[in-house]
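In the working numbering, the protein residues as written are 41 to 182.
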């Protein structure tokens, strides 16, 4: 969001990122039941993970080459992959864990996923501060 604000100097364009993410997740969650009946959970997990990695590399390239409109489209699809990944990974728990241990397994999975998300935001911010962001944000923005 910072890069988009620095490139466009517009709070409106910056605010389109969370709106894009919300719309993508909403639309993907509407489509999710159709996917879950047609494909296996592991297929959805593998597809979502691989696609998300490729899209994140593309969004970095779009920002680096100042193709911000394309970056919005890619963020939209990354959010769709997140919306399909989360419920499919949670739905695998009953298939893997015994009924007596499910509550503990669900708690552990939630703790780990939320902890990783929290730690990644913090470590990403520290890394950006440490390297002064020249490797992540084009120098014309910094």
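Backbone N, C-alpha and C fix where the C-beta goes; we use that ideal spot for every residue, glycine too. Note that this is a predicted model, so its numbers are computed, not measured.
Kindly list the residues whose CB is nearer than 8 angstroms to the CB of residue 112, restricted to its own chain and excluding five residues on each side of it in sequence; keep chain order. Residue mapping note: residue 112 aligns to position 72 of the chain shown, counting from 1. In its chain, beyond the 5 residues on either side, 56, 57 and 60 have a beta carbon closer than 8 angstroms to the beta carbon of residue 112.
Backbone CA spacing between residue 90 and residue 129 [nearest angstrom]: Stepping through the chain shown from its first residue, residue 90 is reached at position 50. Stepping through the chain shown from its first residue, residue 129 is reached at position 89. Approximately 15 angstroms, taken between the alpha carbons.
Could you check which residue in 148, 110, 147 and 72 has the C-alpha nearest to that of residue 120? Indexing the chain shown from 1 puts residue 120 at position 80. For the options 148, 110, 147 and 72, the alpha carbon positioned closest to that of residue 120 is the one of 72.
Which two residues bound the contiguous alpha helix (DSSP H) that contains residue 112? Along the chain shown, read from residue 1 onward, the residue named residue 112 stands at position 72. Where residue 112 is concerned, the enclosing alpha helix (DSSP H) stretches over 108-131.
Sufficient close CB pairs (3 or more, under 8 angstroms) joining the region 91-106 to the region 151-160: no
Which one of 114, 108, 161 and 117 has the shortest CA to CA distance from residue 49? Within the chain shown, residue 49 is the residue found at index 9, counting from 1. Minimum Cα distance to residue 49 is reached at 108.
Given this structure, state the Cα-to-Cα distance separating residue 78 from residue 141, to the nearest angstrom. Taking the first residue of the chain shown as position 1, residue 78 is located at position 38. Taking the first residue of the chain shown as position 1, residue 141 is located at position 101. So the two alpha carbons sit approximately 29 angstroms from each other.
When the Cα atoms are used, what is the spatial distance from residue 45 to residue 167? Locating residue 45 in the chain shown gives position 5, where the first residue counts as 1. Locating residue 167 in the chain shown gives position 127, where the first residue counts as 1. Whole-angstrom Cα-Cα distance: 20 angstroms.
C-alpha gap between residue 114 and residue 87, whole angstroms: Taking the chain shown and counting its residues from 1, the one referred to as residue 114 is at position 74. Taking the chain shown and counting its residues from 1, the one referred to as residue 87 is at position 47. Their Cα atoms are separated by approximately 16 angstroms.
Please report the straight-line C-alpha distance between residue 110 and residue 139, rounded to a whole angstrom. In the chain shown, the residue the question calls residue 110 occupies position 70. In the chain shown, the residue the question calls residue 139 occupies position 99. Whole-angstrom Cα-Cα distance: 45 angstroms.
Judging by CA-CA distance, which residue of 54, 170, 63 and 132 is the nearest neighbour of residue 76? By one-based count along the chain shown, residue 76 stands at place 36. Here the closest residue by C-alpha is 132.
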